[in-house]
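In what follows, a structure is listed as structure tokens, so that the remarks can point back to it.
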Amino acid sequence: MTDPEILDAELLRRFPLPHHPDDGDKEDRGRLLVVAGSRELPGAALLAGIAALRAGAGKLQIATAASIAVQIGVAAPEARVIGLEETEAGCIAESEIDRLLEWAGAAQAVLLGCGLQHGGPLETLLDRLFEARLDVPLVLDAAVLGSLAERADALKAWPGGSILLPHAGEMARLLDYEREEVSADPLAAARRAAETFGAVTLIKGEYSHVVSPDGQAFRFKGGGVGLATSGSGDTLAGIVGGLAARGADPLTAVMWGVYLHGEAGRRLATKHGRVGFLARELLDYVPALMEGR
1 MTDPEILDAE
11 LLRRFPLPHH
21 PDDGDKEDRG
31 RLLVVAGSRE
41 LPGAALLAGI
51 AALRAGAGKL
61 QIATAASIAV
71 QIGVAAPEAR
81 VIGLEETEAG
91 CIAESEIDRL
101 LEWAGAAQAV
111 LLGCGLQHGG
121 PLETLLDRLF
131 EARLDVPLVL
141 DAAVLGSLAE
151 RADALKAWPG
161 GSILLPHAGE
171 MARLLDYERE
181 EVSADPLAAA
191 RRAAETFGAV
201 TLIKGEYSHV
211 VSPDGQAFRF
221 KGGGVGLATS
231 GSGDTLAGIV
241 GGLAARGADP
251 LTAVMWGVYL
261 HGEAGRRLAT
271 KHGRVGFLAR
281 ELLDYVPALM
291 EGR
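The numbers in full-length UniProt numbering rise by one with no breaks, and the one at position 191 of the sequence shown is 191.
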């Protein structure tokens, strides 16, 4: 098995992002549906959504808990915010799944997981989503990762291509490994997950690894310890989702997302110090980095 290639700006020339001419409009850059957020974690939906816009998505739709929908709409006036009925535990109510699937079917990519609550309703949503077999890229993060082990075949059959964004703990749950086993050989774990789930898989860490289902593997020297902060994963997921909505294939979206997120962290570390910057501060750097500046 070959060693992973180094993921850097030079490598990314082989994986160009979709080109959008100056006379294009927002429809040309795609619509992302972000299913995220809960009463306890409203910021996750906001961070992921704004990150998607910074990555160039043309339209942003955020489906979130009704109790926080107005607040998110005010904080992100660029987004269409869809308020969903909640259970007492803060999960999306099963009665909302049909409506949610309609929104997903009209999107160019779907991001699911940031700030959602675990529980039976979330698992029902996943089952119904996989049954729908929509031909759109599916970006999965955070809460949903703990419910995928028994749904590997369903995810593998997803026609639009899928992306997994776990850290070591989430990867351990995905594969039924011990966390120490994942940390000892994160590349091997990412290879196993990519094969098992048929998804482009990132495992986050000091050195991040990206593996595609066909066995291609890439290694990125992380953007520094400052990226290990609340909300950082939500911003990464939003960047990846935004790139997928623009038309980037799953592997290209993940590699660019990892690079943009990491390089933004390096620039903030140089400007402010190794630790103490905020996840939301990463996003202002993304547009210029996409342009090579």
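In this text, a Cβ means the ideal position worked out from N, Cα and C, and glycines have one as well.
- Who are the Cβ neighbours of G231 in its own chain at under 8 Å, not counting the five residues just before and after it? One-based indexing of the sequence shown puts residue 231 at position 231. Answer for G231: G43, A44, L47, L278, A279 and R280, listed in chain order.
- Task: Give the straight-line distance between the Cα atoms of Y285 and P213, rounded to the nearest whole angstrom.
- Result: Your numbering for residue 285 matches position 285 in the sequence shown. Your numbering for residue 213 matches position 213 in the sequence shown. Take the alpha-carbon of Y285 and the one of P213: they are about 30 Å apart.
- Message: Three Cβ pairs or more, each shorter than 8 Å: is that satisfied between the stretch 103–113 and the stretch 17–34?
- Response: The stretch 103–113 is in contact with the stretch 17–34.
- Message: At a threshold of 6 Å, does I203 count as lining the ligand GTP (C-beta to nearest heavy atom)?
- Response: The ligand GTP is not part of this structure, which contains no ligands at all.
- Task: Enumerate, from N- to C-terminal direction, the unbroken beta strand (DSSP E) stretches of 3 or more residues contained entirely within the stretch 169–219.
- Result: Segments of the beta strand (DSSP E) lying fully in the stretch 169–219: 200–203 and 207–211.
- Task: Go to Q61, then tell me how far its beta strand (DSSP E) extends in each direction, as first and last residue.
- Result: Your numbering for residue 61 matches position 61 in the sequence shown. First-last of the beta strand (DSSP E) with Q61: K59 to A65.
- Message: Taking the straight line between their C-alpha atoms, what separation do you get for F218 and E88?
- Response: Counted from its first residue, the sequence shown places residue 218 at position 218. Counted from its first residue, the sequence shown places residue 88 at position 88. In this model, F218 and E88 are separated by some 42 Å (Cα to Cα).
- Item | Cβ shell of M171 (< 6 Å), same chain only, five flanking positions each side left out | Indexing the sequence shown from 1 puts residue 171 at position 171. Apart from the 5 residues on each side of it in sequence, M171 sits with its Cβ closer than 6 Å to the Cβ of V182, A189 and I203 in its chain, given in chain order.
- Query: Beta carbon of R192, beta carbon of G56: below 7 Å?
  - Reply: Residue numbering aside, residue 192 sits at position 192 when the sequence shown is read from its first letter. Residue numbering aside, residue 56 sits at position 56 when the sequence shown is read from its first letter. Note that the C-beta distance between R192 and G56 is not below 7 Å.
- Query: Under a three-way DSSP split, which group does S162 fall into?
  - Reply: Start at 1 with the first residue of the sequence shown, and residue 162 comes out as number 162. Looking at S162 - three-state DSSP - the assignment turns out to be strand.
- Buried versus exposed, by CB contacts within 10 Å (16 or more), G273: Along the sequence shown, one-based indexing puts residue 273 at 273. When all chains shown are included, G273 counts as exposed.
- Just curious, the beta strand (DSSP E) that D80 is in, first and last residue? On the sequence shown, position 80 is the one that residue 80 refers to. The residue asked about is misnamed: residue 80 is Arg in this sequence, not Asp. For R80, the enclosing beta strand (DSSP E) has its first and last residue at R80 to L84.
- Range covered by the beta strand (DSSP E) that runs through L111: Your numbering for residue 111 matches position 111 in the sequence shown. Note, L111: beta strand (DSSP E), A109 to L112.
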